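Below is one structure, written out as structure tokens; the observations come after it.
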DNA sequence: ACCATTAGTTTATATGATAAACTAACTGAA
DNA sequence: TTCAGTTAGTTTATCATATAAACTAATGGT
């Protein structure tokens, strides 16, 4: 049971100070004391520890405001490195970053979905090894490894419970990787959830306490951030909203159900419509929403198909809004590459259909990290675990 | 900004101890120390304060387990009283309870929906006055007043923003009541959210960290409890899931949208089906699901209509499950009076359609507080505000 | 030149948790 | 019946941490 011992107070305050420095650097001790309400002496003591731990450094002398000039503090993004990996349906994408999510090295590899689990995990290990080799000399070195997977994950054990597009079932991914790097934290999590973390720490979600990241690609997944924290639910299924019904008499979904949202507001829908409209020339191996959006500028038919998907996206967003009532909805994943072709109609549809107008309408915006959301989020998950754990929360 | 000063630690520990006593009484100081991990001296000091504040009392000597016999502690449910009011579409229901939600007095009054705001609020004030007059002599007296309303509420100001069934818009209810009782906290909140609180503190939600209470009556509303706390969203709209679309090509809803869940899994649906099937003899003033369920035992047609509604309830529950991934879903409101006629088919539908079987399937159970959920929840909201605030949570 | 102002440190103090020693009260077995 | 062992609860001394206030340091403006 979490009792409040005195060292908890210290932890909380130290976290608070570190977070403030990260958010508002350069900042002086005096300013920290003013904005947090902590005593100057307390701030000085905590800052000294943070400096000793290499997470903060003094970055020179600031401007005087009529008295002694302040010593400015900065978050030390080079205290260590992070490895983030996105496991896609037919590719692996890895990044090595500093603590500020600046990409120091990245690599993308394709594989055929037909390759077995073993082979794919083997490639992943190689990729992570390559990343670790490139890590610069820093006080902490590589602080951990985060992996985003397209499926439902049991986080405690790092097991991939269910990943239909990979045809994985109960794969103990974290255990395998942990054996490879016993000394580093390994985090396995759903790709949309990690992308949400990425946007929260380094992207479009920065300023919101409650937001939902929508990953619209082959299917639809979501990462839900409530009270500044990722919400997972009891078994990590929270946010699997691609299977929200939007039409009980609609099309059968691969999940066995009928009329799921992801049959209407995803690449699946666009592909179906392209072939229905006799535009199957777009349906080759290199199918890309980005290219389609480009072509749509002078091709009304393509534009219309994208807009249809956007409208369906909006229909489903209503349910997201009613469920979570977020400040913002961030649209990411391949579909977001169509930009305003998709997001505009979605926004319109929401405005048209929503119940209580002003109060409840969230911002609907595009992902900032784009195709890097997941990998950067995977790195961010390490940051959050090791360096900046969320505020001490309800039990 | 919430800094960790030392008195925060004390508050946390005191809350922890009080909660433990409430949950597990009778319990000894030694047991509290063991289960919380707090030092015996700390526990004794905190318990002494709680006793001085009348929230705890010693209830005699317990059984020895081979040594000195323990002094058993109990939560003092009679330290004060709570007033909870449910504002229905055409009735008011008020309860006066002790801190254990034991009903000391209750009263129900009907009104015609055509009566104006003023008149209704006037009746409410009379009712609350009557409740306060009945309050027994206790150390704290009436500790506050909670009001549940069928609509969207801005909690900080206690304003009813939007209550379509009452035709209320921006009514500053809390302000009016607060003027009447300036010294007592007045809480105005959505009825489903309060009912969820009621079930959390005194009903079927007690053992769950994450659960959703579904209030199925004329419409569908929900109260969402995540991490043991009511989740409201940015503007109190979280849980307005009655307007989740389940059929884009379906029936027009009063909200302007099409195919909303509450057109299919509510009293509205049952009334529609009754008249479609030529059973409009049930549609008089005293229409009641409970009576219908009773008659359904020997009337297949009625049973079938209830089951249909139950199946639609299940279809919509999938979306609740995918959104929140709760441990349990508690079905309340008038529709729940049909018991297994509705809940059974809902359960089946969920089981049939759900994506990841075992892991994600929540318990689907009936409300325990029945038609009293909201009023008791309103009382509980006072308890939570004044006596047992939620664990100190994320910022 | 020096006073008012701001930045940051040092020192003394208060709060509250804790460990250890203590008193109190009981059980069970010799 | 007695006493060793055990459990409950209190008292006392100590420790960790935040804070207030006094201090030193450094600066700008008159």
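Residue numbers (my numbering), protein chains in the order written: chain A, 1 to 395; chain B, 1 to 395. Each residue gets a CB set at the ideal place from its N, CA and C atoms; glycine is no exception. For clarity, every value in this text was computed on a predicted model and none was experimentally measured.
So, with DSSP's three-state summary, where would you put residue i?
| i | result |
| --- | --- |
| residue 264/A | coil |
| residue 306/B | helix |
| residue 298/A | coil |
| residue 22/A | helix |
| residue 220/B | strand |
| residue 48/A | helix |
| residue 318/A | helix |
| residue 6/B | helix |
| residue 279/B | coil |
| residue 258/B | strand |
| residue 215/A | strand |
| residue 137/A | coil |
| residue 198/B | helix |
| residue 188/A | strand |
| residue 207/B | coil |
| residue 359/A | helix |
| residue 271/A | helix |
| residue 234/B | coil |
| residue 226/A | strand |
| residue 42/B | helix |
| residue 406/A | Since the first residue of chain A shown is 1 and the last is 395, residue 406/A is not available in this structure. |
| residue 369/A | coil |
| residue 393/A | Any reading at residue 393/A must be qualified, since the residue scores a pLDDT of 42, below 50, and its modelled position is unreliable; the value itself is stated next. Three-state result, residue 393/A: coil. |
Taking residue i as part of the alpha helix (DSSP H), name the residues at either end of that continuous run.
| i | result |
| --- | --- |
| residue 127/A | 117–134 |
| residue 384/A | 373–386 |
To which residues of the same chain is residue i closer than 6 Å at the C-beta, ignoring the five residues directly before and after it?
| i | result |
| --- | --- |
| residue 353/B | 318 |
| residue 212/B | 222, 224, 320, 324, 326 and 329 |
| residue 295/B | 302 |
| residue 372/A | none |
| residue 106/A | 95 |
Sort out for me which residues DSSP pairs residue i with in a bridge.
| i | result |
| --- | --- |
| residue 162/B | 152/B and 169/B |
| residue 75/A | 56/A |
| residue 142/B | 81/B |
| residue 245/B | 260/B |
| residue 252/A | 258/A |
| residue 17/A | According to DSSP, which records beta bridges pairwise, residue 17/A is partnered with nothing at all. |
| residue 86/B | 93/B and 148/B |
Starting from residue i and walking both ways along the beta strand (DSSP E), at which residues does that stretch end?
| i | result |
| --- | --- |
| residue 109/A | 103–110 |
| residue 35/A | Run containing residue 35/A: none in the beta strand (DSSP E); it sits in the alpha helix (DSSP H), 29–36. |
| residue 56/A | 56–61 |
| residue 96/B | 91–98 |
| residue 229/A | 229–231 |
| residue 363/A | 363–366 |
| residue 344/B | Segment 340–353 is the alpha helix (DSSP H) holding residue 344/B; no beta strand (DSSP E) there. |
| residue 329/B | 328–332 |
Excluding the 5 residues flanking residue i on each side, which residues of the same chain have their C-beta closer than 8 Å to its C-beta?
| i | result |
| --- | --- |
| residue 245/A | 257, 258, 259, 260 and 261 |
| residue 394/A | Bear in mind that a pLDDT of 33 at residue 394/A, under 50, signals an unreliable position, so the model cannot answer this. |
| residue 347/A | 314 and 364 |
| residue 77/A | 98, 99, 100 and 102 |
| residue 61/A | 69, 70, 71 and 72 |
For residue i, which residues in the same chain have their Cβ closer than 7 Å to its Cβ, ignoring the five residues on either side in sequence?
| i | result |
| --- | --- |
| residue 398/B | This structure cannot settle anything about residue 398/B, because the visible part of chain B is limited to 1 through 395. |
| residue 239/B | 192, 193, 221, 222, 223 and 224 |
| residue 132/A | 83 and 142 |
| residue 42/B | 13 |
| residue 310/B | 341, 342, 343, 344, 345 and 346 |
Quick check: is any heavy atom of the ligand MN less than 7 Å from the C-beta of residue i?
| i | result |
| --- | --- |
| residue 194/B | This structure lacks the ligand MN; in fact it carries no ligand of any kind. |
Exercise. Between the region 13–29 of chain B and chain A, which residues of the former have CB atoms less than 8 Å from a CB of the latter, in chain order?
Worked result: Across the region 13–29 of chain B, CB contacts with chain A closer than 8 Å involve 13 and 16, in sequence order along the chain.
For this session: Report the residues of the region 30–57 of chain B with a CB closer than 7 Å to any CB of chain A, ordered along the chain.
Result: 35, 36, 37 and 38
Exercise. Using a beta-carbon distance cut-off of less than 9 Å, what residues from the region 236–249 of chain A approach chain B?
Worked result: 236, 237, 238, 239, 240, 241, 242, 243, 244, 245, 246, 247, 248 and 249
Problem set entry | Residues in the region 263–274 of chain A having any Cβ partner in chain B nearer than 8 Å | none
For this session: Taking only beta carbons into account, state which residues of the region 196–230 of chain A come closer than 7 Å to chain B, listed in chain order.
Result: 210, 226, 227, 228 and 229
For this session: May I ask you to list, following chain order, the residues of the region 284–307 of chain B that have a beta carbon less than 7 Å from some beta carbon of chain A?
Result: none
Problem set entry | Positions along the region 342–371 of chain B whose CB lies within less than 7 Å of some CB in chain A | 353, 355, 356, 359 and 360
Problem set entry | Contact list for the region 155–171 of chain B against chain A, Cβ threshold 7 Å | Contact annotation: in the region 155–171 of chain B, residues whose CB is within less than 7 Å of a CB in chain A are 161 and 162.
For this session: Taking only beta carbons into account, state which residues of the region 319–345 of chain A come closer than 9 Å to chain B, listed in chain order.
Result: 319, 320, 321, 322, 323, 324, 325, 326 and 327
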